[in-house]
Structure formats: structure tokens, C-alpha cells
């Protein structure tokens, strides 16, 4: 499969949009934060009274299906965590993990943290070449049936998120490093002695995941405010009674290029970069309603593991 690099506009500074001949495209709604909201927040503090101040823009966009592309195809296009901010992994998992997966052991948090976390650590070291990982949490999401819609959310059963976002701002990413690895590591990260990334690994709990798939946008098509253009990312506060966190919402931009992989199997996963200490590469992501989903598709169940990945450039150089 060949790739043709074009530009979204004539100026050479504009991001490259890769056209992939032979791939299927769907048109679907993506929910963005409205540019009328300049200080968005979500409150989990009853004293605030208002849950959030969000207003959404919901354009219909084209989303390219990567089903049928090969790893070599995607690498040539720059669809990796270094450039696009996302990466598709295929055929991963140790036999012990895959056996437990088939037996639904993912319903047991202890199994996830002891067996699956170790497999995720291996994937990050083998495929991304990181020096060490710290996995700080995971989230299970289950799309509700109409009968289940009113049930309360739990840590093991949250609803899919239908708003484009990134889990971590730069401020939040640095605070994650501080919280989990300490001031000394954060100081080394800020001096450039260590490279820190926050990358989520998203995987179906049961496949194939046709229902409410995950869409990701190419980071290279997201404006960071260069050349006088409006910035697409906007910091969004998460307010709790005892602390305040921060994620990133995203404003709509017709230059964004969205992708997904239909019918993702349990032997496949998607890496989503949310923070990088070196640059601003990160991928917006969201669940969406695929109009081509089979009518008898099972409700989507998925797991997302959040990983703090550290690379020591000196150690990596010694090993090469």
C-alpha cells in the first residue's frame, strides 16, 4: 500500500495530511469544546453547585479506517507515538496473559495489576525502547444497554467518553512525575537528563470491538499556536474537594485528521500519548458512533492502562 503526502493548504508550514489510497472512510460526529469557553472546568465538588461549564461543537468529520494497513504502512506514514501521537499494536500478549484474557480474568483487578501490568511493561520496553515504566492506574469502560443506563458508574465500569480530549496537560504530566517518581526524577526530566512520557494503552476486553470504537487524531494536524494561528488545545480543570487536576480539551479545526481501526480485536491495542517532556506531541481521542457498526454488535467493553514511561538517553546509548 502506498502513501501520498499532501498539505492541507498551500503554505509549507501547514501540517502534512496523509492520504492512504484504498482505505475506507466514514463520516461521523466528533464532540469538541466550543471556542466560546475559554476556561472550561468539571467539578466533582458539591460546594461548587455547577458540575461543568462545557459547551460543545459537534461537526461531522471524515474518519479513516486503518483496518487493512500493515505496520510498515503505518510507520511510513508516521503513525507512531513519536510523530502522530498514537500507534496501533497487533498480536501482542504473552500466553499467560492471553489465556487469562479468554477466561475473563480482567474482571479481577489483582490479576490486571499483577499479570497484565507486567505484559504492558514488556510491550513498552520492547516496542518503544523505554528504560522503565510506572503504571499508575487503569480504567474499564463498558457501554451500557438501555436497561443499564441509570446504574451508577464504578471504577470497574465507566461509560465511554464521547468528547475529544487528552488525559494530561503539561502541568498535570509534570505533577504525575513528581507524585509517582519524586522531585529528583522531575528535576532530571526538566533538565533533559531523562525523557518522560505519559502513554495510555487502550485495548478491547472482548472482541471484535465494532461498537463505539476509539477515534484518534494525528497530532501533526493539531494547532499549537504557531505562526499566529489559534491554539487548538485548552487546559480544563478537574475540581475535587481536596485537589485540582488538569486535562486538555480541544477546539474544532477542519485541518484535524481522524483515524480508527474498525473491529479491533483483543490481540490488538492502541497507544495514546498524552504528555511528552520533550515536545507537545499528543493525540486527541474520543469514542464515536460508527454508522457502519453491525446491528448485532456487542456493547463495547474496553480497558485503558495509564503508563508513565521514562527513558534514560545515556543508558539507552550504552545499550545500543
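Residue numbers (our numbering): 8 to 327.
Each residue gets a CB set at the ideal place from its N, CA and C atoms; glycine is no exception.
CB contact flag (residue i, residue j, <8 Å)
i	j	result
residue 139	residue 317	yes
residue 216	residue 37	no
residue 220	residue 269	yes
residue 266	residue 70	yes
residue 213	residue 308	yes
residue 295	residue 35	yes
residue 202	residue 47	no
residue 64	residue 41	yes
residue 145	residue 264	no
Supposed close pair residue i, residue j - CB separation, criterion 8 Å
i	j	result
residue 104	residue 123	6 Å
residue 49	residue 245	6 Å
residue 218	residue 33	Between residue 33 and residue 218 the Cβ distance is about 14 Å, and since that is not below 8 Å, they are no contact.
residue 315	residue 129	About 16 Å; that fails the 8 Å criterion.
residue 168	residue 310	That belief does not hold up - the Cβ atoms of residue 168 and residue 310 are roughly 14 Å apart, past 8 Å.
residue 306	residue 150	4 Å
residue 174	residue 281	4 Å
Rounded C-alpha distance that separates residue i from residue j
i	j	result
residue 211	residue 285	30 Å
residue 283	residue 254	14 Å
residue 323	residue 115	35 Å
residue 107	residue 127	14 Å
residue 79	residue 248	48 Å
residue 143	residue 293	21 Å
residue 196	residue 58	35 Å
residue 1	residue 87	What is shown of the chain runs 8 to 327, which leaves residue 1 out entirely.
residue 299	residue 67	15 Å
residue 62	residue 326	50 Å
residue 111	residue 234	50 Å
residue 193	residue 236	31 Å
residue 31	residue 89	25 Å
residue 101	residue 109	12 Å
residue 241	residue 43	12 Å
residue 45	residue 39	13 Å
residue 271	residue 141	26 Å
residue 118	residue 166	22 Å
residue 185	residue 120	22 Å
residue 60	residue 222	24 Å
residue 199	residue 250	28 Å
residue 238	residue 178	17 Å
residue 81	residue 252	34 Å
residue 135	residue 301	34 Å
residue 304	residue 113	21 Å
residue 137	residue 131	6 Å
is_contact[residue i, chain D] using C-beta, thresh 8 Å
i	result
residue 219	In the structure shown, chain D cannot be found, because there is only a single protein chain.
Problem set entry | Within the region 224 to 269, ranges of the beta strand (DSSP E) (whole runs, at least 3 residues) | Segments of the beta strand (DSSP E) lying fully in the region 224 to 269: 240 to 246, 251 to 257 and 265 to 267.
Problem set entry | Sufficient close CB pairs (3 or more, under 8 Å) joining the region 49 to 61 to the region 184 to 195 | Taking 8 Å as the limit for Cβ pairs, the verdict is that the region 184 to 195 does not touch the region 49 to 61.
Problem set entry | Validate contact between the region 58 to 75 and the region 197 to 210 using beta carbons, cut 8 Å, 3 pairs | No, they do not touch.
Problem set entry | Stretch-stretch touch, CB-based, cutoff 8 Å, three pairs: the region 220 to 232 with the region 285 to 294 | Judged by pairs of C-beta atoms under 8 Å, the region 220 to 232 touches the region 285 to 294, as three or more such pairs exist.
Exercise. Per the contact definition of three or more C-beta pairs closer than 8 Å, is the region 268 to 277 in contact with the region 89 to 100?
Worked result: Result yes; three or more Cβ-Cβ pairs closer than 8 Å.
Exercise. In chain order, which continuous runs of the alpha helix (DSSP H) of length 4 or greater are located wholly inside the region 74 to 131?
Worked result: List check, alpha helix (DSSP H) in window: 78 to 84, 102 to 109 and 124 to 130.
Problem set entry | Length-filtered (3 minimum) beta strand (DSSP E) runs lying within the region 170 to 216 | Counting whole runs of 3 or more residues, the region 170 to 216 contains the beta strand (DSSP E) stretches 202 to 211.
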